[in-house]
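Quick note on the UniProt record's numbering: the first sequence kicks off at 1 and runs consecutively. Think of the CB as a built atom: it goes at the ideal place given N, C-alpha and C, for glycine as much as any other residue. Every value quoted in this text rests on a predicted model; they were computed, and no experiment measured them. Written out below as structure tokens is the structure these notes cover.
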Amino acid sequence: MPENTTFFRNKLITWYLENKRELPWRKTKDPYRIWLSEIMLQQTRVEQGLPYYLKFVDAFPTVFHLAEAPQKTVLKLWQGLGYYSRARNLHAAAHYISETLKGEFPSNYKDLLNLKGVGDYTASAIASICYNEPQAVVDGNVYRVLSRVFGVETPINSTAGKKEFKQLAQQLIDAEQPGTYNQALMEFGARYCVPRNPNCEACIFNNRCEAYKKNLVSALPVKLKKRKVKKRYFNYMVVLSEGKRTLLNQRTGKGIWQQLYEFPLIESGKEVSEKELKKLEGFKLFSEEVNIEDMVLYNETSVVHKLSHQHLFARFWIVAVSEIQNTGIPFSEIQNYPVPVLLQNFISDFSVFKN
DNA sequence: AATCCGGGGTT
DNA sequence: AACCCAGGATT
């Protein structure tokens with residue numbers, strides 16, 4: 001074993017034990033709870049995921065509770081956290097563990113990979129933390145720390161890069177305490193070796209950090225550029241009947257917000273006036289469902305809702321109708337439905353104004 | 001190998 | 001506006 005390796009892991013773990021945050025999932029080795037936390041923290045900051053973790057543990061103390069819950073309940077608790085496929089896969093995996101595995105949680109890296117929504121990172125995290133299996137985690141923090149300390153310039157989002165960093169991380173892992181080591185590396189990336197302007201002068205590795213020596217800290221890690229965002233224009237038809245009922249549709253098929261609910265949506269290629277809106281095919285279909293008495297634009301200025309790779313420009317049309325079919329729901333029950341943040345923001349704003 | 005999938009924070 | 005976040009699935 002290279003002397004360098006021992007130095008790195010010992011220094012790192014020492015730093016971790018002195019600087020780690022107290023987090024609820026660090027007080028347990030219950031694989032269910034570790035799994036839950038790891039899924040929630042995928043592409044999600046600890047501060048953002050934490051309140052959701054607490055809500056889920058409270059609502060679903062065991063994998064059986066989660067499995068038995070209706071999907072609508074799970075999605076409602078997940079509302080606002082994003083990447084909703086995580087919630088759907090979590091629920092499906094809970095069914096699998098509860099029923100097929102009779103509640104016996106997968107207890108090694110290989111079997112963990114069979115769970116929906118569990119990839120190399122998550123399987124490694126659970127296996128190392130819960131079962132002491134030496135599988136190296138490679139998340140965004142690990143890419144950053146290792147690329148800098150060891151001066152690796154391979155793009156982290158290339159196939160070669162993923163392979164190379166996993167191999168390097170695997171070589172460095174402390175097999176005696178893999179869970180602690182993995183968390184130490186991630187914590188160091190999250191709290192010290194940060195993306196922008198890290199404090200290299202005081203860093204525990206600055207004597208040996210390749211990036212620091214070569215003045216490449218701001219250039220590492222290398223990442224291939226992604227394509228630009230697409231713009232979309234959403235016209236939401238907020239139906240209001242005299243009985244204070246409205247219409248919600250569940251999004252199905254591909255694309256964003258699968259299984260979440262929304263008002264009837266008419267998408268247009270650009271921002272449209274009322275006259276232009278009424279010419280759209282989607283509007284004709286909509287107007288066959290309800291008897292429109294009046295229609296007024298709620299927000300002249302579009303709400304801009306930014307997703308990772310789409311910018312949504314949304315306008316809400318308040319549509320008074322005389323009749324509504326039995327698919328309508330009371331407006332007061334809308335809060336029971338999982339909806340995208342874009343919709344939740346409108347509902348909150350509209351409700352205040354309306355009452 | 002590329003692309004898609006949210007929402008929020010930082011710079 | 002661009003980048004990032006305890007990534008994974010799909011095409």
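Where residue i falls: helix, strand or coil (DSSP)
i, result
"THR14", "helix"
"ARG191", "helix"
"PHE105", "coil"
"VAL229", "coil"
"ILE334", "helix"
"GLN310", "strand"
"ASP294", "strand"
"ALA219", "helix"
"TRP257", "coil"
"TYR84", "coil"
"GLU267", "strand"
"ARG245", "strand"
"ASN299", "coil"
"ILE156", "coil"
"LEU41", "coil"
"ALA320", "strand"
Cβ separation of residue i and residue j, assumed to be a contact under 8 Å, to the nearest whole Å
i, j, result
"GLU281", "ARG232", "Not really, about 17 Å apart at Cβ, beyond 8 Å."
"TYR236", "LEU265", "6 Å"
"ILE126", "TRP35", "6 Å"
"GLY179", "SER128", "4 Å"
"ARG9", "TYR143", "The Cβ separation is near 18 Å, so there is no contact."
"ILE39", "THR122", "7 Å"
Cβ shell of residue i (< 8 Å), same chain only, five flanking positions each side left out
i, result
"ARG191", "ASN19, ARG21"
"PHE150", "LEU168, GLU210"
"ILE334", "THR246, LEU248, ILE347"
"MET295", "GLU274, TRP317, ILE318, VAL319, ALA320"
"GLN258", "TYR84, SER85, ARG88, ARG251, THR252"
"GLU164", "VAL152, THR154"
Check whether residue i and residue j have beta carbons under 8 Å apart
i, j, result
"THR246", "PHE331", "yes"
"PHE83", "GLN48", "Here the sequence assigns Tyr to residue 83, which means Phe is not the residue at that position. Taking 8 Å as the Cβ cut-off, TYR83 and GLN48 do not qualify as a contacting pair."
"CYS193", "PRO31", "no"
"TRP15", "ALA184", "yes"
"GLN135", "TYR109", "yes"
"ALA320", "LEU240", "yes"
"LEU12", "PHE188", "yes"
"GLU274", "SER302", "no"
"SER147", "LEU220", "yes"
"PHE60", "SER98", "no"
"VAL217", "PRO198", "yes"
"VAL46", "LEU81", "no"
Close Cβ partners of residue i (< 7 Å) along its chain, the five nearest in sequence each way excluded
i, result
"LEU307", "ILE256"
"PRO106", "LEU112, ASN114, LEU115"
"HIS309", "VAL229, LYS230"
"VAL145", "LEU185, PHE188, GLY189, CYS193"
"ALA94", "VAL63, LEU66, ALA67"
Own chain, CB closer than 6 Å to residue i, minus 5 neighbours either side, in chain order
i, result
"GLN79", "PRO338"
"VAL74", "ALA87, HIS91"
"GLU153", "VAL222"
"LEU312", "ARG232, PHE234, HIS305"
"GLN250", "TYR261"
"ILE204", "LYS11, TRP15"
Inter-stretch contact (C-beta, 8 Å, three-pair minimum) for the region 290–306 and the region 206–218 = At 8 Å Cβ cutoff, the stretches do not touch.
Inter-stretch contact at 8 Å, needing at least 3 Cβ pairs: the region 125–144 / the region 55–66 | Using a C-beta cut-off of 8 Å, the region 125–144 makes no contact with the region 55–66, since fewer than three inter-stretch Cβ pairs fall below that distance.
Three or more C-beta pairs closer than 8 Å, one from the region 156–166 and one from the region 195–210: is that the case here?
-> In short, these stretches do not touch, since the Cβ pair count stays below three.
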